[in-house]
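Residue numbers (the working numbering): 351 to 608. Below is one structure; the comments refer to it alone.
See the structure below:
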């Protein structure tokens with residue numbers, strides 16, 4: 351197979367992936383800078399503009415994957431920009447929200463979905479621990495597999511923990527997309543920590559995982575409660591002696607050929 355897998359970071363956690371003959375949009379957020387609520391009450395989200403027109407983001411997209419329906423992964427304007435009959439795959443808990451928003455081709459993936467040469471496995475984890483983890487609710491990730499292409503594990507807003515390592519050992523991905531923003535809610539995070547991986551967790555992943563697995567770090571520099579920036583993560587990686595070929599930090603709009 352001569353086809354390549356390409357991941358394009360749109361902004362924050364929104365990805366456009368060309369894989370196995372499909373163009374997949376992950377966690378669509380089209381909202382203009384400063385038009386969504388702030389998580390901390392400091393800066394309105396998103397904190398940065400899109401670097402491309404919405405028409406360019408949606409062009410060619412033939413399916414959408416939603417890890418969970420928090421506003422920094424799915425927001426009200428999405429239904430204005432995507433066809434109502436687009437195949438929209440989600441975790442079971444979020445199906446009804448999408449149907450209420452007028453999408454007519456919504457399917458909850460319980461475990462796996464096969465579409466031609468593409469297999470999508472839904473995975474689970476925890477969007478934080480303790481009281482804040484319970485408040486965040488369920489969150490999923492997805493593993494994309496196809497013959498002749500590298501396996502991609504989209505972790506979603508899952509923390510690094512033993513069950514995630516088990517997922518990695520089960521599916522043996524070549525690339526893991528990590529939401530590395532280190533998001534916090536100060537009143538809870540003092541005791542329960544951040545709700546997505548921060549720079550220390552990314553270092554722990556690199557220390558633990560086999561050397562051939564590469565991490566693609568996203569979900570930074572756009573939401574006010576994400577405390578880990580690309581600059582902070584890059585600084586931590588250099589201090590930690592990380593092989594930077596294993597830690598890919600795309601800029602907004604940047605495409606990575608896997």
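Think of the CB as a built atom: it goes at the ideal place given N, C-alpha and C, for glycine as much as any other residue.
Assigned with DSSP and collapsed to three states, residue 439 falls in strand.
For residue 607, the three-state secondary structure derived from DSSP is strand. Going by beta carbons, residue 475 and residue 514 fall inside the 8 angstroms limit. By the Cβ neighbour-count rule, residue 498 is exposed, with fewer than 16 other Cβ atoms within 10 Å of its own. For residue 364, the uninterrupted beta strand (DSSP E) segment begins and ends at 364-369. For the pair residue 556 and residue 565, the Cα-to-Cα distance works out to about 8 angstroms. For the stretch 546-598, the full-length beta strand (DSSP E) segments reaching 3 residues or more read 564-568 along the chain. Taking a contact as a CB-CB distance under 8 angstroms, the pair residue 416 and residue 380 does not count as one, their CB atoms being some 14 angstroms apart. A distance of 8 angstroms or more separates the beta carbons of residue 549 and residue 510. Using a C-beta cut-off of 8 angstroms, the stretch 498-507 makes contact with the stretch 521-529, since at least three inter-stretch Cβ pairs fall below that distance. Comparing C-alpha distances from residue 587 to each of 554, 534 and 575 shows the shortest one belongs to 554. The beta carbons of residue 359 and residue 568 sit about 6 angstroms from each other, so the pair counts as a contact at 8 angstroms. Residue 395 counts as buried, since at least 16 other C-beta atoms from the protein chains shown sit within 10 angstroms of its C-beta. Annotation for residue 471: no alpha helix (DSSP H) segment contains it, though the beta strand (DSSP E) segment containing it runs 468-474.
Excluding five sequence positions before and after residue 603, the CB atoms of its chain that fall closer than 6 angstroms to its own CB belong to 401 and 402, given in chain order. Uninterrupted alpha helix (DSSP H) stretches at least 4 residues long and entirely within the stretch 371-428 occur at 404-408, given in chain order. In this structure, the beta-carbon distance from residue 571 to residue 398 falls below 8 angstroms. By the neighbour-count criterion, in which a residue is buried when 16 or more other Cβ atoms sit within 10 angstroms of its Cβ, residue 491 is buried. Taking residue 485 as reference, the option from 411, 539, 512 and 581 with the minimal CA-CA separation is 539. Counting of Cβ neighbours within 10 angstroms places residue 605 among the exposed residues, the total staying below 16. The three-state secondary structure of residue 490, taken from DSSP, is strand. Between residue 573 and residue 531, the gap from beta carbon to beta carbon is short of 8 angstroms. If you draw a straight line from the Cα of residue 369 to the Cα of residue 455, it is about 20 angstroms long.
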